[in-house]
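Last residue of the sequence shown? That's 311 in my numbering, and every number before it is there in order. Cβ atoms here follow ideal geometry from the backbone N, Cα and C, with glycine treated the same way. Reviewing the structure listed below.
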Amino acid sequence: MALLIMLVGEDPEPWKSVLSRLDPSLDIRVWPQVGDVEDIVFALVWNHPRGELRKYPNLKCIASMGAGVDHIIRDPELPAGVPVTRIVHESLTRSMTEYVIHAVLDHCRDMEKYRRDQAGKIWDPKFPRPRKEVGVGVMGLGELGAAAAIGLVELGYRVLGWSRTPKAISGVQTFWGMEQFSHFLSQTDILVCLLPLTPQTEGILNLETFRKLRPGAFLINVARGRHLIEEDLIVALDQGILSGARLDVFEVEPLPPEHPFWDHPKVQITPHVSSLTEPEAVAPQILENYERVLRGLEPVNQVDLQRGY
Ligand code: NDP
Ligand code: OXD
């Protein structure tokens with residue numbers, strides 16, 4: 003019985019090293035050096051090639067290396083009946099909350115303007131808007147969105163949250179479903195996307211959505227690149243519908259050098275770092291699930307494959 007590490011575009015070595023330190027008896031294979039496919043009972047994956055997971059007849063669990071599972075679910079040839087798990091860990095949640103709060107404060111405290119002013123040796127102080135007047139709308143109130151929303155409430159912002167089903171979070175004005183989406187947007191000055199990528203949420207950050215926000219709103223996308231219609235963002239920024247955007251995720255990653263976002267004066271880019279999965283922190287969770295499936299138990303942090311997250 004063996005655990006397969008199949009990470010495309012990510013270094014498998016830190017995972018292998020921490021997992022074998024935690025359990026030196028573990029038989030770990032690193033794709034594409036798989037050996038006998040019948041040995042593989044557990045696969046830790048990121049961006050696996052389509053159809054690849056069908057090759058392992060004894061597979062009992064497919065584990066995402068991150069919080070998102072869209073990279074797994076989009077495979078039309080996933081083996082039927084094999085549970086899919088994701089990472090839920092306070093290190094990811096803390097890191098995401100930190101990033102979102104930093105992006106909100108950076109925008110609200112006009113840091114972009116002061117960086118530009120410094121370049122021109124301009125001394126031009128400006129009062130920030132009172133926090134209670136700034137509506138920060140968080141799309142997705144799951145593990146990451148709820149924590150970010152709570153962090154923003156603690157800072158004194160007027161926080162709104164939108165989810166698929168009703169939620170109650172102290173200090174957050176909550177909305178749910180498409181019927182309440184426009185109402186949520188109409189009170190939002192800073193829109194934070196923390197949705198999973200599903201057929202319902204793909205392309206949800208589009209011109210129609212942007213037009214429903216408060217004038218000159220700011221966008222923070224830390225979920226997936228395909229939530230955003232990239233050409234619509236350029237139009238919204240150029241027409242002043244949005245005042246700026248902080249983007250951590252992109253339709254194509256790494257963002258190609260010729261992409262117009264790189265040089266757009268209203269776009270701030272980070273390279274998918276808002277919340278990095280630390281192998282050291284989350285490997286015990288992977289090992290726990292490996293041991294659970296060997297004992298015939300359900301793995302923890304399973305996703306609902308029908309729902310898509
Ligand atoms: P969760 O599954 O815990 O939460 C998802 C939330 O989105 C839930 O509140 C859910 O609603 C809501 N939601 C789902 N579909 C819809 C819909 N159609 N309409 C409205 N709301 C919807 O996910 P996490 O918080 O753990 O993670 C969110 C995403 O963040 C991940 O899927 C991943 O793509 C991204 N991510 C990005 C990282 C980065 O570094 N940039 C790092 C980690 C994650 P309900 O509660 O009603 O089910
Ligand atoms: C994740 C990610 O889903 O890093 O965890 O994007």
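Ligand 1 never approaches Glu12 closely enough for any of its heavy atoms to be under 6 Å from the residue's Cβ.
Residues Trp33, Ala45, Val47 and His50 of the same chain have their beta carbon placed closer than 6 Å to that of Met8, with the five preceding and five following residues left out of the count. The three-state secondary structure of Trp17, taken from DSSP, is helix. For Ala105, the shortest C-beta to heavy atom distance toward ligand 2 is 6 Å or greater.
Per DSSP, Ala150 is one residue of the alpha helix (DSSP H) stretching across Glu145 to Glu156. Runs of the beta strand (DSSP E) lying entirely within the segment 85 to 169, each at least 3 residues long, are 137 to 141 and 160 to 165 in chain order. For ligand 2, no non-hydrogen atom lies closer than 6 Å to the CB of Ala45. Glu290 has its alpha-carbon roughly 39 Å from the corresponding atom of Gly158. At a threshold of 6 Å, Gly142 does not count as near ligand 2, since its beta carbon sits no closer than that to any of the ligand's heavy atoms.
Straight across, the Cα-Cα distance linking Gly205 with Val237 is about 15 Å.
Those residues whose C-beta sits under 5 Å from the nearest heavy atom of ligand 2 are, from N- to C-terminal order along the chain, Gly68, Ala69 and Gly70. In its chain, beyond the 5 residues on either side, Leu162 have a beta carbon closer than 6 Å to the beta carbon of Gln175.
As summarised for the segment 20 to 77, the continuous beta strand (DSSP E) elements at least 3 residues long and confined to that stretch are 30 to 32, 42 to 48 and 63 to 66, given in chain order. Gln304 has its alpha-carbon roughly 15 Å from the corresponding atom of Ala82. Within the model, the alpha-carbon separation for Ala225 versus Glu100 is close to 15 Å. By the neighbour-count criterion, in which 16 or more other beta carbons inside 10 Å mark a residue as buried, Phe129 falls on the exposed side.
Per DSSP, Leu9 lies in no alpha helix (DSSP H) segment; the continuous beta strand (DSSP E) that holds it begins and ends at Ala4 to Leu9.
With a cutoff of 7 Å on beta-carbon distance, Ile75 and Gly310 are scored as near each other.
With 16 or more other Cβ atoms inside 10 Å of its own Cβ, Thr95 counts as buried. Taking a 10 Å sphere around the C-beta of Gly139, we find 16 or more other C-beta atoms and assign the residue as buried.
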